[in-house]
Structures are given as structure tokens and as C-alpha cells.
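Colleague: So for the sequence shown, full-length UniProt numbering puts the first residue at 245; every next one is plus one. Before anything else, here's the structure in question.
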Amino acid sequence: EKGGYEHFMLKEMNEQPKTIRDTISPRIKDGRIVIDELGMSDEEIRNINRIHIVACGSAYHTGFTSKYIFEGMARIPVEVDVASEFRYRNPILEDGALVIIISQSGETADSLAALRMAKERGVKTLGIVNVVGSSIAREADKVMYTWAGPEIAVATTKAYSAQLVAQYLLAIKFAQVRGKVTEAEVGEMLRDLKKLPDQVEMLLSHKEKIQKFANRFIAAKDIFFIGRGIDYAISMEGSLKLKEISYIHSEAYAAGELKHGTISLIEDGTPVVAVATQDALLKKTISNIVEVKTRGAFVMAVTNEGNTEIEKTADYVIYIPQTNAYFANSLAIIPLQLFSYYVAVGKGCDVDKPRNLAKSVTVE
Ligand code: M6R
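This is the structure:
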């Protein structure tokens with residue numbers, strides 16, 4: 245059932261073009277975003293005054309990404325919490341709030357408890373869920389399914405990708421209804437969204453190159469990920485993927501925070517993955533790369549096609565194709581998933597079933 249692949253994770257990574265397509269296409273009709281399952285009138289969408297995104301692990305990272313998008317594009321304030329914090333912190337949930345719970349399995353105990361708490365407090369809830377008929381799908385007021393199909397590998401890849409694009413659609417829809425984007429901008433974003441599957445496919449086809457590169461990191465003790473804005477969110481996911489399956493210690497930092505402590509950990513040869521897809525922040529990130537290079541770091545950068553100036557500082561550069569800056573996570577995460585996978589394979593780890601972890605965390 246691995247369809248000829250060595251691991252479920254590899255199979256599922258390769259299914260991402262299809263997953264993205266399946267999540268997007270039923271929701272674009274005649275050039276418009278139609279999310280019927282949302283069951284919200286335009287007036288209700290205009291009345292949303294705060295979004296709370298609540299999830300765990302990688303699902304949380306997708307929410308962390310879409311905070312930048314909902315706020316930047318739709319101008320709706322967003323709070324993102326890991327479910328185990330949200331449920332115990334007595335959050336302020338006011339009229340007009342929308343609570344979005346994101347979960348692949350739909351059974352994560354903390355996420356489910358957070359959903360129940362939000363419902364008890366009388367706020368609207370929306371589940372972004374993969375498993376049809378799961379607890380979160382049944383209990384949320386509304387459900388938007390990510391059509392990724394069954395995900396077996398403990399490390400999520402295709403469900404993650406589907407969660408991201410589901411949130412892009414929501415954010416564009418909200419921005420449009422609230423008059424924050426023009427029709428022309430929406431048209432351009434939809435064109436970029438439709439290109440994602442082929443662009444992901446192209447990035448996946450470079451796996452041999454990444455495998456060769458990944459083999460050099462098998463003995464690494466620590467690997468740091470840095471980025472700003474959405475690149476910080478991508479770094480968090482890249483770092484989690486790596487530590488989860490390869491057992492290499494890894495941390496993600498907002499690049500601008502390095503100076504406030506972490507940079508003391510950089511010594512000769514310390515691997516650093518710098519994510520630099522946000523062109524507006526490129527110069528800032530490059531100066532952080534220079535800072536770690538000066539302390540001896542070995543830097544792998546992930547950036548947009550055309551940003552060749554980064555080659556002056558980084559030791560190894562992976563380019564992703566051009567897309568809207570808001571959608572960069574969908575592309576930049578692909579080489580990072582492959583990197584983690586091949587480091588873990590190279591170390592002989594049990595990639596699909598990493599130690600101490602369960603696919604679905606049904607106890608808190
Ligand atoms: O089923 P869920 O999406 O609610 O699961 C949330 C996390 O447990 C999950 O994303 C976890 O972090 C993954 N194993 C990461 O690859």
C-alpha cells in the first residue's frame with residue numbers, strides 16, 4: 245500500500261500536488277472562491293472582529309503562517325495558540341470572534357477540548373479537518389475538509405500542505421468580502437494558487453539533489469532554522485519535521501531574535517537553514533546570514549528564483565519558483581520536508597514511526 249515507495253512519508257510527500265489541487269479546485273468556481281461549507285453570509289464575514297486559530301504541532305504552524313495572511317491581507321486581528329495553552333489560559337472570546345480549529349486527525353485531545361470550550365463560550369467555530377466524520381469535524385459548527393486522503397506517516401506532509409491552501413482560500417475570501425483586495429488582485433492570487441501543484445511537483449523532482457546534500461548532515465548535533473515573517477513560520481515547520489524523524493536537535497528562530505541569545509550557540513560548522521522567501525525582508529535576512537556565517541555557520545538557504553545575491557553569503561542555495569509571497573510556505577516546505585526525510589533515512593531512523601510519537605495524540 246506504499247505504492248512502490250520506500251516509506252509512507254515519501255509517498256505522501258509525492259501526493260502533495262494532488263492534495264493541493266483537490267483542496268483548491270472544488271472551491272474555485274468561475275473565477276470566484278466558493279466555500280459553501282462555511283455557511284456564513286457576507287455580512288457575517290464582515291462582522292468577524294477577531295480570529296483565534298487553535299491547533300497542535302504542524303497544524304499550529306499552518307495557523308501561525310495564516311496569521312500573517314489574515315492580518316496582512318484581510319486586516320482581521322488573529323491570535324494563534326497551541327491548543328494545550330489556549331484551553332487553560334482563559335482566553336477572551338467575544339461576540340464576533342471566529343475560532344478555527346485545525347487538525348488532520350480531528351481527534352487531537354487538546355484541540356477537541358479547545359473546540360468544546362469555545363462552543364461553551366458561545367463563539368462560532370470552524371474546523372479545518374482531514375478525517376471525515378472525526379470528532380472535531382462532527383462537533384465544530386462548520387467544517388472545511390482538506391481533501392488529503394488518509395495520512396499514515398506520523399510526520400505530516402500532505403495534510404499540512406492541504407491545511408495551508410485551505411487557509412489561503414479562506415483569507416482571500418474574507419479579504420474580498422471585506423473589500424481589502426481588488427478583483428484584479430484576487431484574480432492574480434487565484435492564478436498563483438492554481439500553479440502551486442505543478443510548482444510543488446517540480447520541487448519534488450529535485451529529490452536526488454537534496455538527498456545528496458542531506459547526507460552531509462547525518463552526523464549533525466544541532467541544526468538551526470531562521471527566517472522572518474512567514475519564513476519564520478516555515479522555519480518552525482522545517483525544524484519540527486527534522487527533529488521529529490531524524491532525532492537531531494533543532495530549533496527555529498525569528499532571525500531578528502538571534503542577537504538576543506541564540507547566536508552564542510553558533511560555532512564553526514554549525515548548520516543553519518535560512519529561509520528567505522519574503523522579498524520585502526530579504527535584506528534583513530541576508531544580514532542575519534552574514535552574522536551567523538561570521539561565527540562559522542554552514543548555511544543552506546531557501547529563497548525565490550532570481551535572488552542570486554544570496555549565493556554570496558550562503559553555502560548552498562535552493563530556489564523556489566515565483567509565487568505570491570503569502571503562498572511561499574507551500575513551496576519552501578517541500579525541500580525542507582525532503583531534507584528531513586533524507587537525513588532520517590541516512591541515519592537509519594524509522595521514518596514513518598518515529599520513537600515516542602503517535603499519529604494522533606488522543607490523550608493530553
Ligand atoms: O491530527 P492533528 O493535525 O491534530 O495533529 C497535530 C499534531 O499532533 C501533528 O501535526 C504533529 O505535530 C505531526 N506529527 C508533525 O509532523
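Glycine included, every Cβ here is placed at the ideal spot set by N, Cα and C. Every value quoted in this text rests on a predicted model; they were computed, and no experiment measured them.
Pull up the distance between the alpha-carbon of L601 and that of I489, whole angstroms please.
Modeller: Roughly 10 Å between the two C-alpha positions.
Colleague: Using only alpha-carbon positions, find the residue among D325, A318 and V605 that is nearest to F424.
Modeller: It should be pointed out that residue 424 corresponds to Lys in this sequence rather than to Phe. The candidate whose alpha carbon is nearest that of K424 is A318.
Colleague: Is DSSP giving M388 helix, strand or coil here?
Modeller: Of the three classes helix, strand and coil, the one that applies to M388 here is strand, per DSSP.
Colleague: Would I478 and N573 be called neighbours here (beta carbons separated by less than 8 Å)?
Modeller: Taking 8 Å as the Cβ cut-off, I478 and N573 qualify as a contacting pair.
Colleague: Is the stretch 524-538 close to the stretch 438-455, with three or more CB pairs under 8 Å?
Modeller: The stretch 524-538 is not in contact with the stretch 438-455.
Colleague: Throw me the rounded Cβ distance for the F330 and A358 pair, which I believe falls under 8 Å.
Modeller: 5 Å between Cβ atoms; contact.
Colleague: Do V546 and E582 count as a contact pair if the criterion is CB distance below 8 Å?
Modeller: In the sequence as presented, Glu is not what sits at residue 582; that position holds Leu. No.
Colleague: Give me the residue from G590, T352, D512 and V430 with the minimum Cα distance to Q455.
Modeller: With distances taken between Cα atoms, Q455 lies closest to G590.
Colleague: Taking only the alpha-carbon atoms, compute the straight-line gap between Q420 and V430 and give it to the nearest angstrom.
Modeller: Distance between the alpha carbons of Q420 and V430: 8 Å.
Colleague: So is S483 buried or exposed if we call it buried at 16+ other beta carbons inside 10 Å?
Modeller: Result: buried.
Colleague: How would you label T552, buried or exposed, when you count the other beta carbons within 10 angstroms and need 16 or more for buried?
Modeller: Exposed, because fewer than 16 other Cβ atoms sit within 10 Å of the Cβ of T552.
Colleague: Am I right that I279 and L414 are in contact with their C-beta atoms under 8 Å? What's the rounded C-beta distance?
Modeller: Contact holds; Cβ gap of about 7 Å.
Colleague: Check whether the stretch 248-261 and the stretch 386-401 touch, using three or more Cβ-Cβ pairs below 8 Å as the test.
Modeller: Yes: at least three Cβ pairs fall under 8 Å.
Colleague: Per DSSP, what kind of secondary structure is Y304 in: helix, strand or coil?
Modeller: Note: Y304 maps to helix in three-state DSSP.
Colleague: Since I believe I345 is in contact with E481 (beta carbons under 8 Å), could you give me their beta-carbon distance rounded to a whole number of angstroms?
Modeller: That belief does not hold up - the Cβ atoms of E481 and I345 are roughly 18 Å apart, past 8 Å.
Colleague: What residues in its chain sit with their C-beta under 8 Å from that of D466, if we drop five residues either side in the sequence?
Modeller: For D466, where only same-chain residues beyond five positions count, the Cβ hits under 8 Å are I492, H493, S494, E495, L509, T514 and P515.
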